[in-house]
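Here is the structure we will look at.
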Amino acid sequence: MDLERKIYKSELLGEELSLEVSTLAGKANGAVIGRHGGTAVLAAVVMSKNDKPGDFFPLTVDYEERFYAAGKILGSRFIRREGRPSDEAILSGRLVDRTIRPLFDQRLRREVQVTITVISYDEKHDPDAVALIAASTALAISDIPWNGPVGGVRTVVYNDKDELRYDAFFAGPRDRVNMIEFEGCEIPESEAVKVFKNSQKEINRLIDFQEKIAKEIGKKKTEVALLEPEPRVRELVENFIKGKLAETVKGNKLEDLKIAFLEHLVSSGEEARVLQAADIVFEEAVDKFVHDQALNHDRRPDGRKLDELRELYAEVGLFPRIHGTGLFIRGETQILAATTLASPAAEQLIETMEMSGRKRFMLHYNFPGFSSGEVGKGRGGPGRREIGHGALAHKALRAVIPTKEEFPYTIRIVAETLSSNGSTSMASTCAGSLSLMDAGVPIKKHVGGIAMGLMLDDKSGKFKVLTDIQGPEDHHGDMDLKVAGTEEGLTAIQMDVKVYGITEEIFESTLTQAKTARAQILALMKETIGAPREQISPFAPTILTLNINPEKIGEVIGPGGKIINGIIAEVGGDTAIDIEQTGKVFISGTNREAVEKALKIVENIVREYKIGEIVEGPVVKILEFGAIVDLGGGQDGMIHISELSNEFVKKVEDVVKLGDRVRARIIRAENGKIGLSLKDIK
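With the UniProt record's numbering as the guide, the letters of the sequence shown map in order to residues 1 to 682.
Okay, here's the thing in C-alpha cells:
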C-alpha cells in the first residue's frame with residue numbers, strides 16, 4: 001500500500017523540522033505529523049457538517065499525551081493506561097487553543113475539533129511548538145474556514161550559573177503576536193520586548209513555510225453559511241437600547257438589559273432565529289459602544305482613567321491557625337490565599353510523559369460558583385480554567401521561592417476566589433505573595449500582578465491600553481495581558497486576544513503602563529507586610545537538617561528500615577525522617593523536643609570517632625576480658641581489662657559494674673570498632 005507521503009522540511013531553533021502529510025488519519029479534514037528531533041506529534045482536525053445551536057463558536061482542542069511516546073508504562077498498579085489529561089497536557093492544549101481561536105470567524109457554529117497526539121518524545125525537543133505548527137498546518141491544508149496559518153517559538157535562556165533566566169513562548173499570525181506564555185527571573189521590560197521582536201521574525205518564517213505547503217496541497221475552503229442578521233433585527237436592537245447603554249454598562253448590568261430585550265422580543269412574537277440574531281447584534285452594539293468611548297473619549301465604563309487602578313485592599317494573618325494567610329482585594333475581585341508548610345515528605349510526586357520528579361512548591365486555584373454570583377457544580381476536580389489560572393500564579397511566584405537549602409519546607413498555596421470581576425489570577429499572585437511572607441517563608445521581595453486590556457481600531461491602527469480591566473472591558477475588549485513581577489522586573493506574562501494579534505508597539509506600551517500599576521500594588525503590599533515573619537507559625541512543623549556521609553545512609557535506615565523506624569518510635573509524635581541520596585537528612589515534626597532528640601540520635605549513629613576523644617556512656621555488658629560501653633546511636637566501644645586501670649586488674653567487676661556510667665578515652669577506631677581506655681581519666 002502506498003501512503004502517498006509528502007514530507008516538507010524546514011528548521012526550528014536550529015534543528016530540522018519536518019511536516020508529513022499522507023493518507024494516515026485520512027478521514028479527518030486535515031492531518032499532519034510534525035517531527036522535531038525525536039519528538040513527533042499527530043495533529044488531526046475535523047469539522048461537523050451541521051451547525052450546533054448556541055451563542056458561541058464551538059471549538060475544542062484536545063492535547064493527548066501517550067506514555068509510550070517516552071517509553072514508559074505509567075498509571076496505577078491496577079490501571080496501566082492513560083486517564084484524565086495531566087495539568088501539563090491541559091496547559092499545552094490551552095496554548096494551542098488560545099493561538100488558533102482568534103483566527104476563526106466567531107459567527108461559525110459548526111463544531112471544530114483539533115486533536116493533538118504526542119506519539120514520540122525524546123525528552124529534549126518540547127512537543128508544544130511542533131504541536132502548534134502541525135495543528136496550524138492541518139487547519140491550513142484542510143477545507144475548514146480559518147484565517148491562519150500561525151507560528152510559534154519557545155525561547156529558553158539561562159544565566160552564567162545555569163539558572164533559568166526566562167522561558168518564553170510567543171505565537172501568532174503574520175506580523176502579529178496573539179498568544180504569550182512567559183516566565184522570567186525579574187527580567188526588565190525592555191528585554192521582553194526584544195524577545196517579542198525576535199520571535200516575530202521566526203513566526204513569519206514558519207508561516208512562509210506553511211503557506212507553501214497549503215498552496216501545493218491545500219483543499220478549497222468550505223463555504224459555510226454564517227448568521228448575518230437582517231436590517232430589521234438591527235433596528236429592533238437599536239430602538240430598544242437607545243439611550244440605555246451608558247448607564248447599563250456603567251452599572252455592569254448588561255446581562256439584565258439583554259434578558260429584558262430578549263423577553264421583549266418573545267412577547268412580541270418573534271421567532272427563535274430572530275432571537276439568535278438579536279443576541280449577536282446586541283453584543284456588537286455593546287462592543288462598538290465600549291470601543292468608541294475608550295478610543296475617542298478616553299472614557300471607561302466605570303468612569304476611571306485609562307491607567308487608573310480600582311480601589312485596593314490587603315490584609316494578612318486573618319486565621320492564626322493557618323500557617324500563613326493573605327487577602328487581596330482589587331475592586332470586586334477578592335482572593336484569600338492560604339500557605340501551608342510541611343516536611344520534604346509532603347512533596348508532590350510527578351510522573352507524566354514528559355517528566356518524573358518531585359514538586360516542593362505548589363499553588364492551587366479554586367473558583368467556586370458563588371464568586372461570580374452563580375450556582376456552581378459539585379466538585380469534580382479542577383477545570384481547565386482553574387488549572388490555567390493556578391499555573392500562571394505559580395509561575396509568577398516561583399522566581400522568589402527560596403531553595404531547599406535555604407528553606408527546607410514543602411510549600412503549598414491555595415488561592416480561594418471569593419469574588420470575581422477581572423483577573424483573579426493576578427490577584428491570586430498578590431494574595432499568595434502576602435501569605436508567603438505571613439508564613440515566614442524567606443522570600444526577598446513581593447510579587448504583584450495586574451491585568452491589562454486593549455481597545456483597538458483595526459482599520460486605523462489606533463489603540464488605547466487599559467489598566468486593571470473588569471466586566472465589559474474584559475468581555476468586549478480586544479486583549480487580556482496579565483503581567484506579574486517584583487520591583488526589579490518581570491516574573492510572568494500571559495496574553496490572549498480576540499483580534500488578529502498585537503504589534504510590538506502595543507506590547508511595549510502595555511508593559512510600560514503595567515509597570516506603573518504594579519508599583520502601586522507592590523507599595524500597598526509592602527505597607528501591609530514588608531518582610532517575612534521572623535518565626536514560622538507554631539502550628540507549622542519544625543525541620544532540622546543534617547549532612548551525613550552518603551556511605552552511612554544504610555546505617556541510619558537499617559535493614560528493612562529497622563533503625564529509622566526505631567528512632568521514630570522512640571521519639572514519638574509525628575516525627576518524620578527523610579534522607580536524600582546526597583546524604584542530606586531532614587527531620588521534621590510538630591514537637592520540637594522530639595525532632596531535636598531524633599537529630600541527636602542520628603548524629604550519634606553517623607558520628608565518626610577520633611583517637612583521643614573523650615566519650616561517655618553506660619556499661620551494658622561485662623566480659624571476662626573487658627566491658628562494653630553504649631556510646632549511643634547504636635554505637636558501642638570496648639574497654640579491655642588492661643585498659644581499666646593503671647594498676648593490675650584481676651576481675652573486670654573490681655573496677656566497673658553493669659549499669660555504671662563511665663567516661664573513657666578513645667584509643668582505637670578502625671572499621672567501626674572502637675577501643676576505649678579508663679587510664680588517666682579524671
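Every residue, glycine too, gets a C-beta built ideally from N, C-alpha and C.
DSSP three-state call for Val-649: helix, strand or coil? Reduced to three states, the DSSP call for Val-649 is coil.
Within the region 320 to 370, note down every full beta strand (DSSP E) run reaching 3 residues or more, in order along the chain. Correct list: 324 to 330, 333 to 342, 348 to 351, 356 to 359, 361 to 366.
Excluding the 5 residues flanking Lys-6 on each side, which residues of the same chain have their C-beta closer than 6 Å to its C-beta? Excluding residues within five positions, the ones whose Cβ falls inside 6 Å are Val-21.
For Leu-418 and Leu-336, which I take to be in contact (beta-carbon distance under 8 Å), what is that distance rounded to the nearest angstrom? Right, their Cβ atoms sit about 6 Å apart.
Start-end ranges of the alpha helix (DSSP H) lying completely within the region 522 to 588, minimum 4 residues: Segments of the alpha helix (DSSP H) lying fully in the region 522 to 588: 553 to 557, 562 to 571.
Look up Asn-296 in the DSSP assignment and say whether it is helix, strand or coil. DSSP places Asn-296 in helix when its eight states are reduced to three.
Roughly how far, in whole angstroms, is the beta-carbon of Ala-28 from the beta-carbon of Ala-44, given that I think they are within contact range, below 8 Å? The pair is a contact, with the Cβ atoms about 4 Å apart (cut-off 8 Å).
Proximal residues to Ile-322 (C-beta, below 6 Å), its chain only, five neighbours per side dropped: Ala-338, listed in sequence order.
Run the CB neighbour count on Lys-445, radius 10 Å, all protein chains shown included, and call it buried at 16 or more, exposed below. A residue is called buried when at least 16 other Cβ atoms come within 10 angstroms of its Cβ; Lys-445 meets this threshold and is buried.
Where does Gly-390 fall in DSSP's three states? In the structure shown, Gly-390 sits in a helix (DSSP, three-state: H, G or I).
Reduced DSSP category for Tyr-500 - H, G, I as helix; E, B as strand; rest coil: Tyr-500 falls in the coil class under three-state DSSP.
Does the contact criterion of 3 or more C-beta pairs under 8 Å hold for the region 361 to 376 versus the region 418 to 436? Yes, they touch.
Unbroken alpha helix (DSSP H) runs of length 4 or more, entirely within the region 54 to 138: which are they? The region 54 to 138 contains these whole alpha helix (DSSP H) runs: 87 to 100.
Round the Cβ separation of Leu-481 and Thr-510 to the nearest angstrom and send it over; I've been treating them as touching at under 8 Å. Right, the Cβ-Cβ distance comes to about 5 Å (below 8 Å), so this counts as a contact.
Would you check if the distance between the CB atom of Leu-309 and the CB atom of Thr-491 is smaller than 8 Å? Judged by their CB atoms, Leu-309 and Thr-491 are not nearer to each other than the 8 Å cut-off.
For Ala-168, list the residues DSSP reports as bridge partners. Answer is Thr-155, Phe-182.
Outcome for Met-355 when other beta-carbon atoms lying within 10 angstroms are tallied against a minimum of 16: By the neighbour-count rule (16 or more Cβ atoms within 10 Å), Met-355 is not buried but exposed.
Under 8 Å by Cβ, that's how I've got Val-606 and Asp-660 pegged, so tell me the actual separation to the nearest angstrom. Not confirmed; about 27 Å, so no contact.
Any idea if Thr-23 is buried or exposed, counting beta-carbon neighbours within 10 angstroms, 16 or more meaning buried? Per the 10 Å Cβ criterion, exposed.
From Thr-575, Glu-555, Ile-529, pick the residue whose C-alpha is nearest to that of Ala-540; which is it? Selected option, being the one with the closest Cα: Thr-575.
8 Å Cβ cutoff met for Val-595 and Leu-544: Leu-544 is positioned such that its CB atom lies closer than 8 Å to that of Val-595.
Taking buried to mean at least 16 other C-beta atoms within 10 Å of its own C-beta, is Phe-648 buried or exposed? The residue in question, Phe-648, is exposed, as its Cβ has fewer than 16 Cβ neighbours within 10 Å.
For Val-224 and Arg-273, the rounded distance between their alpha carbons: Answer to the nearest angstrom: the Cα atoms are 17 Å apart.
Cβ neighbour criterion (16 or more within 10 Å) applied to Asn-50: Within a 10 Å sphere around the beta-carbon of Asn-50 sit fewer than 16 other beta-carbons, which makes this residue exposed.
Where do the ends of the beta strand (DSSP E) carrying Pro-618 lie? Annotation: the continuous beta strand (DSSP E) that includes Pro-618 extends over 614 to 623.
From Leu-644, Ala-25, Gly-326, Arg-94, pick the residue whose C-alpha is nearest to that of Leu-494; which is it? It should be noted that the sequence gives Gln, not Leu, for residue 494. It is Arg-94.
Is the CB-CB distance between Ala-129 and Val-156 below 8 Å? Not in contact: Ala-129 and Val-156 (Cβ atoms no closer than 8 Å).
Would you say Lys-242 touches the ligand SAM, meaning its beta carbon is less than 7 Å from a heavy atom? Absence of the ligand SAM is noted for the structure shown, with no ligands found whatsoever.
Among Ala-278, Ala-669, Thr-410, which one has its Cα closest to the Cα of Leu-363? Selection Ala-278, Ala-669, Thr-410 evaluated against Leu-363 yields Thr-410 as nearest (Cα-Cα).
Contact belief for Ile-557 with Gly-583 at Cβ below 8 Å, rounded distance in angstroms: Between Gly-583 and Ile-557 the Cβ distance is about 12 Å, and since that is not below 8 Å, they are no contact.
DSSP three-state call for His-36: helix, strand or coil? Strand at His-36.
Would you mind sorting Gly-151 into buried or exposed? The rule is 16 or more other CB atoms within 10 Å of its CB. Gly-151 should be labelled buried.
How is Glu-163 classed by DSSP in three states: helix, strand or coil? Three-state DSSP puts Glu-163 in coil, outside helix and strand.
Measuring straight from C-alpha to C-alpha, what distance separates Tyr-500 and Asn-178? Straight-line Cα distance between these residues: approximately 7 Å.
Beta-carbon within less than 6 Å of Phe-282's beta-carbon, same chain only, minus the 5 sequence neighbours each way: which residues are those? Cβ-Cβ distances below 6 Å link Phe-282 to Val-237, Lys-258 in the same chain, with the five nearest sequence neighbours on each side left out; the list follows chain order.
Is it the case that the Cβ atoms of residue 688 and Lys-464 are separated by a distance below 8 Å? No information on residue 688 is available, as it lies outside the stretch 1 to 682 that the chain covers here.
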